[in-house]
Amino acid sequence: MFKKEVYTERRNKLKKEVKSGLVLILGNAEASFNYPANTYHFRQDSNFLYFFGLDHPDLAGVLDIDKNKDYIFGNDVDMDDIIWMGPQPLVKDRAAKAGVENTAPFSRLGEFLNEAIKSGRKIHFLPPYRGEHLILLNQLLGLSTDKVKDYISEELIKAIVKLRSVKDKYEIAEIEKAVDIAYEMHTTAMKMAMPGVVEREIAGTIEGISLAKGGPVSFPIILSINGQTLHNHYHGNTLVKGRMMITDAGAETTMHYASDITRTVPVGGKFNQRQKEIYEIVLAANMKAIKAIKPGIPYKEIHLLACKTITSGLKELGLMKGDINEAVKQGAHALFMPHGLGHMMGMDVHDMEGLGENYVGYNKSTKRSDQFGTAFLRLGKKLQPGFVLTVEPGIYFIPELFAQWKAEEKFTEFINYGKVETYLDFGGIRIEDDILVTETGHRVLGKPIPKTIAEVEEIMGG
Ligand code: GLY
Ligand code: MN
Ligand code: MN
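Per our numbering, the very first residue in the sequence shown carries number 9; after that it's consecutive.
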């Protein structure tokens, strides 16, 4: 945990932003996978961690803004629990570590909230992303489960997004630790990417590095020689020469801050000519986009800059044609890069996504595009110092998307279908880094992970 003053200050800022009523932040409970007592790894809710720091199941936090009192609701353990789990601090001692003086058993929470509701006070709560929380909100607030969404507090969402978007130096230090673990994961994956190795041998090894050096991975590892499938979690292929292996993986620190890094390497350690040509385009898009990052620039502009870099590179190779700006304006590049350039990152790898992507990535001055490709950009708004985000351009040859667009004769003025057809066995390339927006520009976080062709070939011993 950070010092208790950190949490007190965050809660005070939140109360100031939300102005009146009560704020309810539910901590997570254990979740079962194949029978009740066999539970998934426990992951505390990130908002609860941000405001209370307590990494234990079955707690709820309440801020009474009008009375300026903070509460933790939770139960002390009994002897049966101690036999199985060992001695546990009292809820009041845990709460004191977060600077919270008021505690009560969990069973009192409903009554406490109902008293407030009866006196006409508003309960601010967040969108639930677990079924158990939906049921709990139904029980606590007397709202039917299909009505819960109608009472979610937009004021609370906006206030939390405002606070959590700007990372302080302690949070940035944590994120850098997570990137440094990712350095170990990715350089290990690179060295292992030899013909005959099965993907899961590498995925399992690097997941172990994350566990050994911090916490679990920050999201299920994407590792495949079929990188044209953007989120490929199948790890059963045997690596063969001529394919490239995408590894999109990050770690979570013990304080639950994430990294999210992608590298793509040639199986065997030596790029062939065709791989080199596509790789250099993605690398240029990654580096140009990073270079353009500074406060005040809308991230959507940087996304479009990356798309133009990709279009221009593909035009040079004869895969695209026509006017580059017009091709990107119309969305023709999305055949090759059908996703956004990046997203916010913090305690959640897609930071705060549970609060609603549009609250996190967009606002009145930057609206989300509805065009295929750019519509999937999670962060579009103007950047501010303290934002941490990813830059992750890619080029993919997706045979199914190609077949559909070709049949529809889509963008024939920009896409050279005959030439693209010869690349359908290529796979995909993505290169992703984690970036801090500073007062004057940006900083790439963590120890630099091999990225140029020369650096990748060197570490792979090619
Ligand atoms: N790790 C998924 C992503 O890059 O967004
Ligand atoms: Mn990623
Ligand atoms: Mn990412």
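We put the beta carbon where it would ideally sit given N, CA and C, even for glycine.
Per DSSP, which one or two residues make a beta bridge with residue i?
i	result
Met253	Val273
Val452	Ile443
Ala259	Val225
Gly436	Tyr404
Pro306	Lys390
Met328	Ile423
Tyr191	In the DSSP output, where bridge partners are listed per residue, Tyr191 has none listed.
Return helix, strand or coil for residue i, following the three-state DSSP convention.
i	result
Lys11	coil
His311	helix
Val205	coil
Ser232	strand
Asp442	strand
Leu32	strand
Ser173	helix
Thr246	strand
Ala300	coil
Ser267	coil
Met355	coil
Asn333	helix
Asn42	strand
Leu349	coil
Gly364	coil
Met295	helix
Asn20	helix
Ala211	helix
Met198	helix
His27	The sequence shown places Lys at residue 27, not His. In the structure shown, Lys27 sits in coil (DSSP, three-state: anything other than H, G, I, E or B).
Lys166	helix
Ala37	coil
Thr460	coil
Lys278	coil
Thr317	helix
His341	helix
Leu219	helix
Leu238	coil
Can residue i be considered in contact with ligand 2, in the sense that its beta carbon sits closer than 7 Å to one or more heavy atoms?
i	result
Thr237	no
Thr255	no
Asp268	yes
Glu288	no
Comparing the CB of residue i with every heavy atom of ligand 3, is any distance shorter than 7 Å?
i	result
His241	no
Thr398	yes
Glu260	no
Gly369	no
Gly350	yes
Glu13	no
Glu440	yes
For ligand 1, is there any heavy atom lying closer than 7 Å to the beta carbon of residue i?
i	result
His230	At residue 230 the sequence reads Ile, which differs from the His that was named. Checking every heavy atom of ligand 1 against the Cβ of Ile230, one is found closer than 7 Å.
Asn225	It should be noted that the sequence gives Val, not Asn, for residue 225. Result no, Cβ not under 7 Å from ligand 1.
Val452	no
Val357	yes
Glu215	no
What are the start and end residues of each continuous alpha helix (DSSP H) run of 4 or more residues lying completely inside the segment 366-430, in chain order? 407-415, 425-428
Uninterrupted beta strand (DSSP E) stretches inside the segment 102-161 (no shorter than 3 residues): 110-112
Would you mind listing the beta strand (DSSP E) stretches within the segment 45-114 that are 3+ residues and don't spill past its ends, in chain order? 68-72, 77-81, 110-112
Is there contact between the segment 327-342 and the segment 289-301, where contact requires at least three CB pairs shorter than 8 Å?
no
**Q.** the segment 253-261 in contact with the segment 219-239 per 3-pair CB rule at 8 Å
**A.** yes
Practice prompt. Check whether the segment 306-322 touches the segment 372-389, taking contact to mean three or more Cβ pairs, one atom from each stretch, closer than 8 Å.
Written response: yes
Within 8 Å, do at least three Cβ pairs link the segment 183-196 to the segment 444-464? yes
With three or more beta-carbon pairs closer than 8 Å as the criterion, would you say the segment 397-405 touches the segment 439-446? yes
(request) Say whether the segment 263-280 touches the segment 215-233, bearing in mind that this needs 3 or more beta-carbon pairs closer than 8 Å, one atom from each stretch. (result) yes
Original post:
Touch check for the segment 49-64 and the segment 95-108: three-plus C-beta pairs under 8 Å?
Top reply: yes
- Using 8 Å as the threshold, is the segment 152-167 in touch with the segment 331-350, meaning 3 or more CB pairs across them? no
message = Quick check: the segment 365-377 against the segment 71-81, are at least 3 beta-carbon pairs closer than 8 Å?
response = no
Worksheet item: When the Cβ atoms of the segment 132-140 are set against those of the segment 27-36, are three or more pairs found closer than 8 Å?
Response: yes
- [ ] Say whether the segment 74-89 touches the segment 42-51, bearing in mind that this needs 3 or more beta-carbon pairs closer than 8 Å, one atom from each stretch.
- [x] no
- Determine, using beta-carbon pairs with one atom in the segment 345-363 and one in the segment 164-171, whether at least three such pairs fall under 8 Å. yes
**Request:** Evaluate contact between the segment 171-185 and the segment 139-151, counting only Cβ atoms and requiring at least three cross-stretch pairs below 8 Å.
**Result:** no
Is the segment 204-211 in contact with the segment 281-296, if contact means three or more CB pairs nearer than 8 Å?
no
Fill in: Three CB pairs or more closer than 8 Å across the segment 414-426 and the segment 336-350
yes
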